[in-house]
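Asker: Attaching a single structure in structure tokens format; questions to follow.
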Amino acid sequence: MKKLCNLSAYLGLFNQSSVGNSNNHVLAIEIDTIYNPEFLDIDDNHVGIDINSLISNASHAAGYYSNDTGLFRYLSLRSEQAMQVWIDYDGHEMQLNVTMAPIPMAKPHKPLLSATIDLSGVLLSYPMYVGFSSSSGSFKTSHYVLGWSFRMNGVAEPLDYSLLPSLPRAKSNGKSKVLDIVLPLASAGLAVIIAGIIVFMVRWRIKYAEVLEDWELEYGPHRFSYRDLFIATKGFKDKELLGIGGFGKVYKGVLQTSKSEIAVKRVSHESRQGMREFIAEIVSLGCLRHRNLVQLLGYCRRKVELLLVYDYMPNGSLDKFLYDQEKPTLDWATRFGKATTITDVFAFGVFLLEVACGRRPVDSVASGEEQILLDWVVENWRKGSILVTRDPRLGDEYVVEEVELVLKLGLLCSHPLPAGRPSMRQVVEYLQGEAALPELSPTYLSFSVLAMLHNEGFDDDIMSYPSSMATSSAAISGAW
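With numbering that gives the first Met the number 0 as the guide, the letters of the sequence shown map in order to residues 0 to 479.
Laid out in structure tokens, this is it:
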């Protein structure tokens, strides 16, 4: 028989090759606590009638029918509660009944299972064996038979419950239970912590990752770490934003080591080509010292982003004083008399108009349309009201002749023909009163003249209007 069965499976009755074989001649009442869908089990807590196979001819959830109400009462086979099972077979009626109930309850009148089965071809006349068999597979379970009674051609003798032994109880091991609970939780917690540390380190490396190539080592003293700049600017938060230019945003920061105030410009440099030359130029600029140049302290390169670090200028740029309504208004004495020969004539012309008018080169008006400062000044000059274009915040605190001089000189420097513009040396002479400004008329810079020049093929760059943001450092000495 051992050769025909698997002691760890198939209830200890069959093996993979013998299960379902009609030559087994086995009738089994299974009390099953394991769900095996391959054997068509109804659940993991049922009683079944098996013939030569583990696929039950009939099965039902474990329980009993109450004698008082006739209602079904569910029983858990894992409850560690002692139970009794009655198996009755009537050969004449070919009726097989299976009944169960918890000890010491009397046998219920209604059986749990009732099936009409001819066992004459299943059970042999001789030899025949009656007994118990079990297996648990990979599960840790215990099965106990406290007592049994059997009889052929009659009713089996009832069990005397008082003589039955008690179910053995496993001794409670508090320490073991604590370990069973604590160890898995501790292991899971440790795994979560380790995973968290790994994620943190990966994110930290990505967050502060920098691009550093061999050729950059020679510029080491001028290079800042991204982490230092990130901390200095408080994570490049908007409240530290100083301004936005054509090449990127500028943030205020404080270096943790030296407590020095810095300004950090974030510049996007998409192309790798020329990066070495670009950084070399940046480092070279950092070696320059001039009162009209903001000191470049160094740089940092991260991915496609270049960060330039400058000395922080607490007074900000000139455009803040010209356009910001919250800043104190610059008086005329501060605006006039800061000329220098080291600047671009056209840009300086637009700059003069900005200083005198307190407006941007291209501004929005109430109608929502864009208004070009140069055209607006020319139009008012034609109307004979050029002084209307002065900054209204000046009030009456200005010199009429100087304002007219600055406005007309700004228009002259902005002439669309380069040959029509004065040199910066001449501009300085006009502003310092060493030479008289040539007599000009509004038609000299009228819109029609500009349109005609544009239609004749003059370059669009001649018609552009750079802002004071780009020219103020070269046109004004550091007197703010």
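For every residue, glycine included, the Cβ atom is placed at its ideal position computed from N, Cα and C. Being a predicted model, the structure only gives us computed values, none of them experimental.
1) Is the Cβ-Cβ distance between residue 307 and residue 266 less than 8 Å?
2) Hey, residue 145 and residue 46: beta-carbon distance below 8 Å or not?
3) Which residue wins for smallest C-alpha separation from residue 48, given the options 360, 10, 231?
4) Express the C-alpha separation of residue 200 and residue 353 in angstroms, rounding to a whole number.
5) From the DSSP output, which residues share a beta bridge with residue 96?
6) So residue 408 and residue 426 are in contact, right, with Cβ under 8 Å, and what is the actual spacing, rounded?
7) Where do the ends of the beta strand (DSSP E) carrying residue 154 lie?
8) Looking at the structure shown, is residue 237 part of a helix, part of a strand, or coil, going by DSSP?
9) What does DSSP give as the partner residue(s) for residue 49 in the beta ladder?
10) Using a beta-carbon distance below 8 Å, is residue 112 in contact with chain B?
11) Tell me where the beta strand (DSSP E) around residue 370 begins and ends.
12) Measuring straight from C-alpha to C-alpha, what distance separates residue 27 and residue 180?
13) Check whether the stretch 95-115 and the stretch 59-76 are in contact - that is, three or more C-beta pairs closer than 8 Å.
14) What residue range does the beta strand (DSSP E) around residue 350 cover?
15) For the alpha helix (DSSP H) that contains residue 404, what are its first and last residues?
16) Give every residue of the same chain whose Cβ lies closer than 8 Å to the Cβ of residue 39, excluding the five residues on either side of it in the sequence, and list them in chain order.
17) Could you check where the beta strand (DSSP E) with residue 304 kicks off and where it finishes?
18) If you compare alpha carbons, which of 360, 412, 416, 114 is closest to residue 481?
19) For my contact list, residue 100 and residue 160 are in at a C-beta cut-off of 8 Å; report their separation, rounded to the angstrom.
20) Mind checking whether residue 95 and residue 24 have CB atoms under 8 Å apart?
21) Can you have a look at residue 117 and say buried or exposed, based on whether 16 or more other CB atoms are within 10 angstroms of its CB?
22) Drop a sphere of 10 angstroms on the beta-carbon of residue 43, count the other beta-carbons inside from all chains shown, and report buried for 16 or more, exposed for fewer.
23) Could you work out which residue in 104, 92, 156, 121 is closest to residue 21 when comparing CA atoms only?
24) Under a Cβ-count criterion, where at least 16 other Cβ atoms within 10 Å of its own Cβ denotes burial, should residue 154 be classed as buried or exposed?
25) Mind reading off the beta-carbon distance from residue 247 to residue 236? Whole number of angstroms is fine, and I expect it under 8 Å.
26) Consult DSSP for residue 374 and reduce its assignment to one of helix, strand or coil.
27) Hey, could you find the ends of the alpha helix (DSSP H) residue 227 is sitting in?
28) Only counting the same chain, and skipping five residues up and downstream in sequence, which positions put a Cβ closer than 8 Å to that of residue 129?
29) For residue 219, which residues in the same chain have their Cβ closer than 7 Å to its Cβ, ignoring the five residues on either side in sequence?
30) Determine the direct distance from the alpha carbon of residue 104 to that of residue 12, and round the result to whole angstroms.
31) The alpha helix (DSSP H) spanning residue 424 covers which residue range?
32) Can you check whether the CB of residue 311 is closer than 8 Å to the CB of residue 230?
33) Looking only at its chain, what residues have a beta carbon closer than 7 Å to the beta carbon of residue 380, apart from the 5 residues adjacent to it on each side?
Answerer: Once the coordinates are examined:
1) yes
2) no
3) 10
4) 51 Å
5) 87, 113
6) 7 Å
7) It is not in any beta strand (DSSP E) - residue 154 carries neither H nor E in the DSSP assignment.
8) helix
9) 27
10) The question asks about chain B, but that chain is absent: this structure has only one protein chain.
11) 369-371
12) 39 Å
13) yes
14) Segment 344-356 is the alpha helix (DSSP H) holding residue 350; no beta strand (DSSP E) there.
15) 399-412
16) 54, 55
17) 304-310
18) Here the chain comprises residues numbered 0 to 479, so residue 481 is not present and cannot be evaluated.
19) That pair is no contact at about 12 Å.
20) no
21) exposed
22) exposed
23) 121
24) exposed
25) Not confirmed; about 16 Å, so no contact.
26) helix
27) 225-231
28) 149
29) Note that residue 219 scores a pLDDT of 48, beneath 50, so its modelled location is shaky and nothing firm can be said.
30) 30 Å
31) 423-430
32) no
33) 441
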